[in-house]
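Protein chains in written order, with my numbering: chain A, 11 to 118; chain B, -18 to 147.
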Amino acid sequence: METAVEQIPLESFLFVSAILFSTGVYGVLSRRNAIQIIMSVELMLNAVAVNFVAFAAYTDGELFRGLIFAVFVIIIAAAEVGLALGLLLRVFRHRATANVDEVSQLKW
Amino acid sequence: MTIAEAVFYLLAAIAIVGGIGVVVIPNVVHAALFLVLSLLATAGFYILLSSEFLALVQILVYGGGVATIILFGLMLVRGRELPEVGPGGQWPIGLAMSLVLGGALLTAVLGSDWPRQTGEITMVSLETLAGALFRDWLLPFEIASVVLTVALIGAIVISRQEEGEA
């Protein structure tokens, strides 16, 4: 049975991953709402995981190290989102705003 | 065009549209839904790459966990009542930087000569993956468990209401 690996070149997956990563970078750099920045970081991590799994499927058959690494990327992304939202809630409770432009001073 | 290619292009279109929707749409809740769309399209990618377990993990953890957390955060921060702010003042620089980065990545991707694996593709079964995860990669796995526990406790501690706070 032919798998997709023989029909789709590796560069296609890397292309998609690069575009998703650049989109995430734009989101982190230019969004003002803290939750939108968090979502853009998730997009970047997702793109990285796709990259790892693509390399594991195409070039690392028996060892599939990229697959293992993608599992850890997903784990770390989930942990990081939980923490980031805890921080966001704390900041929102204190400043009543989720706009990162207004939370620019360390001490009140 | 074979079916695999057609499915790949469809999933790629959905993922990229979802990604652009996350960073462009001013309504925060709609952007969160576009993120869910992008994450689910990535699960489709994993199925194409013969790693079905990772696709299920992606749907469960990202779609069912991360997306839910984000939507809950929006609910608690009352995302719909916040004024819809457009991009910040530095969005041209952000766009330029992301285009430069994307251009560099695409040049590297399309220009270099990636090694090909000749021969058959080894389908990674769930037993093989579990065996590798619990034997060869046991230490990172345990460390990841510790990281998750620390993150859980940290999130609870950080967002706990203390005395005198509203």
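Just so it is clear, CB atoms sit at the ideal spot from N, CA and C, and this is done for glycine as well.
Residue of the options minimising C-alpha distance to residue i
i        : options                             : result
B/Ala77  : A/Ala28, A/Ala64, A/Phe102, A/Leu39 : A/Leu39
B/Ala85  : A/Ile29, A/Ser22, A/Gln17, A/Phe23  : A/Ile29
B/Ile201 : A/Leu95, A/Ile84, A/Leu55, A/Phe82  : This structure cannot speak to residue 201 of chain B, because chain B is shown only from -18 to 147.
B/Met104 : B/Ile(-16), B/Ala22, B/Tyr27        : B/Tyr27
B/Ile139 : A/His104, A/Val113, A/Thr33         : A/His104
A/Val35  : A/Leu24, A/Ile47, A/Phe25           : A/Ile47
Per-residue burial, residue i [other beta carbons within 10 Å of its own, 16 or more giving buried]
i       : result
B/Ala13 : buried
A/Ala67 : buried
A/Glu72 : exposed
B/Leu80 : exposed
A/Leu53 : buried
Within-7 Å CB hit, residue i to chain A
i         : result
B/Val9    : yes
B/Ala(-7) : yes
B/Ser106  : no
Residue i: contacting residues in chain B (beta-carbon distance under 7 Å)
i        : result
A/Arg100 : Ile139, Ser140
A/Val35  : Met78, Ser79, Leu82
Partner residues on chain B for residue i, Cβ-Cβ distance less than 8 Å
i        : result
A/Gln17  : Thr(-17), Ala(-15), Glu(-14)
A/Glu129 : Because chain A is modelled from 11 through 118, residue 129 of chain A falls outside the range shown and cannot be assessed.
C-beta neighbour in chain B for residue i, strict 7 Å
i        : result
A/Gln115 : no
A/Ile47  : no
A/Val26  : yes
A/Phe62  : no
A/Leu39  : yes
A/Leu55  : no
A/Ala106 : no
Partner residues on chain A for residue i, Cβ-Cβ distance less than 9 Å
i        : result
B/Gly46  : Ala88, Val91, Gly92
B/Gly112 : Neighbours of B/Gly112 on chain A: none; closest Cβ ~11 Å, over 9 Å.
Legend entry - Sufficient close CB pairs (3 or more, under 8 Å) joining the stretch 28 to 46 of chain B to the stretch 65 to 80 of chain A: yes
Inset, instruction - Could you tell me whether the stretch 38 to 52 of chain A touches the stretch 103 to 122 of chain B, using the rule of 3 or more Cβ pairs below 8 Å? - result: no
Inset, instruction - Evaluate contact between the stretch 39 to 52 of chain B and the stretch 78 to 95 of chain A, counting only Cβ atoms and requiring at least three cross-stretch pairs below 8 Å. - result: yes
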